[in-house]
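Below is one structure; the comments refer to it alone.
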Amino acid sequence: MTYKCGKCGKNVDIDTERMGMRCPYCGGKIFYKERGTIAKKIKAR
Numbered sequence: 314m315t316y317k318c319g320k321c322g323k324n325v326d327i328d329t330e331r332m333g334m335r336c337p338y339c340g341g342k343i344f345y346k347e348r349g350t351i352a353k354k355i356k357a358r
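Residue numbers (my numbering): 314 to 358.
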């Protein structure tokens, strides 16, 4: 799964089953999950 580092802003592939998630570039611990590019259509009621 691809995450975006909150400190340096680079995209990082991280194995979430492993403990101790850290950015390999800056050592940051805050990550944002990337959203899909497909827009969802919802029918209004």
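The beta-carbon is built from N, C-alpha and C at its ideal position, and this holds for glycine as well. Everything numeric in this text was worked out from a predicted model, so none of it was measured.
Take the Cβ of residue i as the centre, count every other Cβ of all protein chains shown within 10 Å, and call the residue buried at 16 or more, exposed below.
i, result
"C321", "exposed"
Out of the options, point me to the one whose CA is closest to residue i's CA.
i, options, result
"T315", "R358, I355, G349, K353", "G349"
"C339", "I355, K356, V325", "V325"
Do you know how far the Cα of residue j is from the Cα of residue i?
i, j, result
"I343", "K323", "12 Å"
"A357", "I327", "37 Å"
"P337", "Y345", "15 Å"
"E330", "I351", "26 Å"
If the criterion is Cβ atoms closer than 8 Å, does the pair residue i and residue j meet it?
i, j, result
"G333", "G319", "no"
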